[in-house]
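Enquirer: Protein chains in written order, with the working numbering: chain S, 20 to 150; chain P, 20 to 150; chain L, 20 to 150; chain H, 20 to 150. Encoded as structure tokens, here's the structure I'll be asking about.
4 protein chains.
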Amino acid sequence: MQNITYTYQTRPRYKDIDAMGIVYYSRYYEFFEAARTDMLRDMGLPYSEFEATGFLMPVIESHCKYLQSAHFDELLKIECTIKDLPRIKMTIHYRVVNEDEDMLAQGYTKHAFLDKNGNIRRVPKHFLELF
Amino acid sequence: MQNITYTYQTRPRYKDIDAMGIVYYSRYYEFFEAARTDMLRDMGLPYSEFEATGFLMPVIESHCKYLQSAHFDELLKIECTIKDLPRIKMTIHYRVVNEDEDMLAQGYTKHAFLDKNGNIRRVPKHFLELF
Amino acid sequence: MQNITYTYQTRPRYKDIDAMGIVYYSRYYEFFEAARTDMLRDMGLPYSEFEATGFLMPVIESHCKYLQSAHFDELLKIECTIKDLPRIKMTIHYRVVNEDEDMLAQGYTKHAFLDKNGNIRRVPKHFLELF
Amino acid sequence: MQNITYTYQTRPRYKDIDAMGIVYYSRYYEFFEAARTDMLRDMGLPYSEFEATGFLMPVIESHCKYLQSAHFDELLKIECTIKDLPRIKMTIHYRVVNEDEDMLAQGYTKHAFLDKNGNIRRVPKHFLELF
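Right, here's the structure in full:
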């Protein structure tokens with residue numbers, strides 16, 4: 020499988036800034052959510068449609084390293100990548116860069132697949148077919 | 020009916036601050052939610068129990084005036100008041116003051132009562148009995 | 020002066036949803052911020068540049084009426100309008116509609132103009148020239 | 020050095036819930052912030068006073084594993100622990116448990132120490148003296 024990559028762009032708003040004048044550390048995870056949601060839509064399966072087929076994809080682990088500060092109104096590119104075909108879990112990697120391609124942060128989220136009864140399932144076929 | 024009043028205390032966190040170094044304007048509505056939720060618990064009906072009886076109390080209108088800035092780690096008192104016995108709608112009033120009793124903000128939220136099918140209902144009896 | 024209007028589009032994320040399964044009431048104010056920030060950029064004065072000229076434009080009042088629920092991943096259009104030339108204060112009006120043009124919410128924010136010392140000022144000339 | 024431990028209690032609000040009906044994954048990091056801020060106050064050095072001495076303590080890394088879902092209005096205990104005397108960096112560990120002591124999540128944050136010019140510094144003496 021080739022890497023699947025998608026780049027989401029955003030600008031931090033007033034609501035994203037903290038008392039230090041930089042983007043608050045948990046906002047990166049909100050950017051990650053926006054990036055992976057738009058990636059799924061771009062791959063042809065909006066997350067809301069995936070849910071409608073009876074599945075959920077909760078986050079079971081999250082991680083981020085903050086290398087440089089991000090600021091209000093600065094153009095940020097959040098690049099997300101899936102490197103391995105998911106089986107039981109799926110890992111999505113993220114890099115946050117600014118317009119000069121300086122890397123500001125990098126992280127990952129791990130996801131499980133649940134059916135509507137909340138039981139852990141293997142990744143569903145119609146999801147794998149996206150890859 | 021006498022006014023029902025409850026005071027909730029909090030300190031703004033890093034996450035609540037904006038690029039101007041003050042509490043972001045929508046966070047006051049989050050403080051209002053915390054205040055009215057704790058008020059209901061204090062009145063003897065935690066909101067989660069109210070929901071369990073088949074009702075919801077969505078916000079149908081919200082308003083806030085910002086008089087003075089609030090800052091990181093400052094002790095805030097959010098005083099919420101119900102002045103009138105609710106019938107179809109309920110209005111809750113809020114005042115945000117600091118330790119010196121300076122008024123920083125004031126606002127209100129209006130709520131409807133819905134049953135589980137999403138239909139508007141008169142305020143339920145077991146709710147009125149709290150007053 | 021003609022009305023100035025700008026439409027910002029977004030889709031509510033998981034982070035925007037509340038325990039009732041709909042968009043949380045204070046998130047509309049975050050959408051309003053995104054809308055007015057993009058409107059200013061579109062008018063030729065990104066807010067970060069406006070700040071760099073020594074001014075701030077804090078929210079002094081906010082209001083929203085919620086008419087219909089908004090849901091996860093639904094395309095929302097936030098239309099913001101300035102109807103009057105600002106003098107001391109500026110009012111921005113907002114309408115939130117879905118793809119079928121159903122009106123979900125409407126509100127406004129009022130803003131003052133401050134210089135860097137925090138003193139209230141008339142609206143600066145270089146801001147008025149945008150209109 | 021003995022472990023330093025502090026337990027912060029909170030109840031998730033409507034604002035903390037996501038489209039799956041559980042606490043949104045990034046909110047745990049907001050709970051972590053509240054827990055470590057209250058821990059510092061309890062140790063005798065409110066973070067706002069620490070800042071006033073010319074230092075900042077930004078997050079340089081964050082991590083969380085989600086073991087069980089947390090729900091609206093459920094009492095959560097966030098236990099945070101410092102196991103090692105900080106030198107250049109400080110690691111804070113967190114455990115989130117419910118009233119039955121079921122572990123819902125665990126994570127950590129790593130922090131650097133900066134002076135007002137943004138330069139990395141060793142942990143300041145007046146901070147070490149808290150331990």
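Note that the Cβ used here is the ideal one computed from N, Cα and C, for glycine as well. Just so it is clear, the structure is predicted and the values come from calculations on it, not from any experiment.
Measuring CB to CB, does E80 of chain S end up less than 8 Å from K34 of chain H?
Expert: Position 61 of the first sequence, counting from 1, holds the residue named residue 80 of chain S. Position 15 of the fourth sequence, counting from 1, holds the residue named residue 34 of chain H. Contact: no.
Enquirer: Got a sec: is the Cβ-Cβ distance from G137 of chain S to anything in chain P below 8 Å?
Expert: Taking the first sequence and counting its residues from 1, one reaches residue 137 of chain S at position 118. For G137 of chain S, the answer is no, since every Cβ of chain P falls outside 8 Å of its Cβ.
Enquirer: For a cutoff of 8 Å on Cβ pairs, would you count L75 of chain H as touching chain S?
Expert: For the purposes of this step, residue 75 of chain H is taken as the residue at position 56 of the fourth sequence. Yes, because at least one Cβ of chain S sits closer than 8 Å to the Cβ of L75 of chain H.
Enquirer: In the DSSP assignment, find the unbroken alpha helix (DSSP H) run with M58 of chain S in it and report its ends.
Expert: On the first sequence, residue 58 of chain S is found 39 positions in, with the first residue counted as 1. Run containing M58 of chain S: 46-62, per the alpha helix (DSSP H) assignment.
Enquirer: Starting from M20 of chain H, follow its DSSP beta bridges and name the residues at the other end.
Expert: Against the fourth sequence, residue 20 of chain H aligns to sequence position 1. BP columns for M20 of chain H are empty, so no partner.
Enquirer: Flag this pair as yes or no: are the beta carbons of T26 of chain H and K102 of chain H separated by less than 8 Å?
Expert: Taking the first residue of the fourth sequence as 1, we reach residue 26 of chain H at position 7. Taking the first residue of the fourth sequence as 1, we reach residue 102 of chain H at position 83. No, the Cβ-Cβ distance between T26 of chain H and K102 of chain H is not below 8 Å.
Enquirer: Closer than 7 Å by beta-carbon distance: list the chain H residues that pair up with Y66 of chain P, in chain order.
Expert: Numbered from 1 along the second sequence, position 47 holds the residue referred to as residue 66 of chain P. Chain H residues near Y66 of chain P: D92.
Enquirer: Just the C-alpha distance for E68 of chain H and E70 of chain P, rounded to the nearest angstrom, thanks.
Expert: Within the fourth sequence, numbered from 1, the residue matching residue 68 of chain H stands at position 49. Within the second sequence, numbered from 1, the residue matching residue 70 of chain P stands at position 51. The straight-line gap from Cα to Cα measures roughly 42 Å.
Enquirer: Quick check on the DSSP output: the alpha helix (DSSP H) that includes K144 of chain S runs from which residue to which?
Expert: In the first sequence, residue 144 of chain S corresponds to position 125, counting from 1. That run of the alpha helix (DSSP H) goes 144-147.
Enquirer: Strictly below 8 Å CB to CB, what residues from chain H border H3 of chain S?
Expert: What is shown of chain S runs 20 to 150, which leaves residue 3 of chain S out entirely.
Enquirer: For my contact list, L94 of chain P and R30 of chain P are in at a C-beta cut-off of 8 Å; report their separation, rounded to the angstrom.
Expert: The sequence position of residue 94 of chain P within the second sequence is 75, counting from 1. The sequence position of residue 30 of chain P within the second sequence is 11, counting from 1. The pair is a contact, with the Cβ atoms about 6 Å apart (cut-off 8 Å).
Enquirer: What is the rounded straight-line gap between the Cα of Q87 of chain S and the Cα of Y48 of chain P?
Expert: Your numbering for residue 87 of chain S matches position 68 in the first sequence. Your numbering for residue 48 of chain P matches position 29 in the second sequence. Q87 of chain S and Y48 of chain P: Cα-Cα distance of roughly 31 Å.
Enquirer: Taking C-beta to C-beta, are L75 of chain L and F150 of chain L nearer than 8 Å?
Expert: Here residue 75 of chain L refers to the residue found at position 56 when the third sequence is read from its first residue. Here residue 150 of chain L refers to the residue found at position 131 when the third sequence is read from its first residue. It is not a contact, given that the beta carbons lie outside the stated cut-off.
Enquirer: For D134 of chain H, which of helix, strand or coil comes out of DSSP?
Expert: The sequence position of residue 134 of chain H within the fourth sequence is 115, counting from 1. Three-state result, D134 of chain H: strand.
Enquirer: Taking just the CA atoms, how far does R114 of chain P sit from L147 of chain H?
Expert: For this step, residue 147 of chain H is matched to residue 128 along the fourth sequence. For this step, residue 114 of chain P is matched to residue 95 along the second sequence. Spanning the two alpha carbons is a distance of roughly 40 Å.
Enquirer: Could one say the Cβ of R32 of chain H lies closer than 8 Å to chain P's Cβ atoms, at least one of them?
Expert: Within the fourth sequence, numbered from 1, the residue matching residue 32 of chain H stands at position 13. Output row for R32 of chain H: interface = yes.
Enquirer: With distance defined between alpha-carbon atoms, name the residue in S:D57, S:L133, S:N117 nearest to I107 of chain S.
Expert: Within the first sequence, residue 107 of chain S is the residue found at index 88, counting from 1. For I107 of chain S, the nearest C-alpha among the options comes from S:L133.
Enquirer: Can you tell me which residues form a DSSP beta bridge with F74 of chain L?
Expert: In the third sequence, the residue the question calls residue 74 of chain L occupies position 55. Its beta-bridge partners are L:D134.
Enquirer: Give a yes or no on whether 8 Å exceeds the smallest Cβ distance from I79 of chain H to chain A.
Expert: Annotation note: the requested chain A is absent from the structure, which comprises protein chains S, P, L and H.
Enquirer: Could you give the DSSP three-state label for S81 of chain P: helix, strand or coil?
Expert: The sequence position of residue 81 of chain P within the second sequence is 62, counting from 1. In the structure shown, S81 of chain P sits in a strand (DSSP, three-state: E or B).
Enquirer: Can you tell me the Cα-Cα spacing of E52 of chain P and D37 of chain S, whole angstroms?
Expert: Taking the second sequence and counting its residues from 1, one reaches residue 52 of chain P at position 33. Taking the first sequence and counting its residues from 1, one reaches residue 37 of chain S at position 18. Answer to the nearest angstrom: the Cα atoms are 21 Å apart.
Enquirer: Under the assumption that T128 of chain S contacts I139 of chain S (Cβ atoms under 8 Å), give the Cβ distance between them as a whole number of angstroms.
Expert: Taking the first residue of the first sequence as 1, we reach residue 128 of chain S at position 109. Taking the first residue of the first sequence as 1, we reach residue 139 of chain S at position 120. Between I139 of chain S and T128 of chain S the Cβ distance is about 17 Å, and since that is not below 8 Å, they are no contact.
Enquirer: Grab the span of the beta strand (DSSP E) containing E98 of chain P for me, first residue to last.
Expert: On the second sequence, residue 98 of chain P is found 79 positions in, with the first residue counted as 1. Segment 95-101, the beta strand (DSSP E) holding E98 of chain P.
Enquirer: Quick one: give me the first and last residue of the beta strand (DSSP E) that V115 of chain L is part of.
Expert: Within the third sequence, residue 115 of chain L is the residue found at index 96, counting from 1. Here the beta strand (DSSP E) through V115 of chain L covers 108-116.
Enquirer: E98 of chain S: which of S:A54, S:R60, S:L59 sits nearest, CA to CA?
Expert: Walking along the first sequence from the start, residue 98 of chain S turns up at place 79. That would be S:A54, whose Cα lies nearest to the Cα of E98 of chain S.
Enquirer: Just grab the DSSP bridge partners of M7 of chain H for me.
Expert: The requested residue 7 of chain H does not occur in the structure, where chain H is confined to residues 20 to 150.
Enquirer: Is it the case that the Cβ atoms of H82 of chain P and I41 of chain P are separated by a distance below 8 Å?
Expert: Here residue 82 of chain P is taken as the residue at index 63 of the second sequence, counted from 1. Here residue 41 of chain P is taken as the residue at index 22 of the second sequence, counted from 1. For H82 of chain P and I41 of chain P, no; Cβs fall outside 8 Å.
Enquirer: Count the other CB atoms, across all protein chains shown, that sit within 10 Å of the CB of D119 of chain S; report buried if there are 16 or more and exposed otherwise.
Expert: Translated into the one-based positions of the first sequence, residue 119 of chain S becomes position 100. Classification for D119 of chain S: exposed.
Enquirer: Could you tell me which residues DSSP puts in a beta bridge with M139 of chain S?
Expert: As a working note, residue 139 of chain S is residue 120 in the first sequence. Here the sequence assigns Ile to residue 139 of chain S, which means Met is not the residue at that position. S:L133.
Enquirer: For G126 of chain L, which option in L:S45, L:I23, L:Q28 has the closest C-alpha, if you only look at C-alpha atoms?
Expert: Translated into positions along the third sequence, residue 126 of chain L becomes position 107. Taking only the C-alpha atoms, the option nearest G126 of chain L is L:S45.
Enquirer: Looking at the structure shown, is Y27 of chain H part of a helix, part of a strand, or coil, going by DSSP?
Expert: Translated into positions along the fourth sequence, residue 27 of chain H becomes position 8. DSSP places Y27 of chain H in strand when its eight states are reduced to three.
Enquirer: Which whole-angstrom value is the C-beta distance of T56 of chain L and R32 of chain S, which I expect to be below 8 Å?
Expert: Reading the third sequence from its first residue, position 37 is the one you call residue 56 of chain L. Reading the first sequence from its first residue, position 13 is the one you call residue 32 of chain S. Indeed they touch by this definition, with Cβ atoms about 6 Å apart.
Enquirer: Return the residues of the segment 94-107 of chain L that lie within a Cβ-Cβ distance of less than 7 Å from chain P, sorted by chain order.
Expert: Result list empty, no residue passes.
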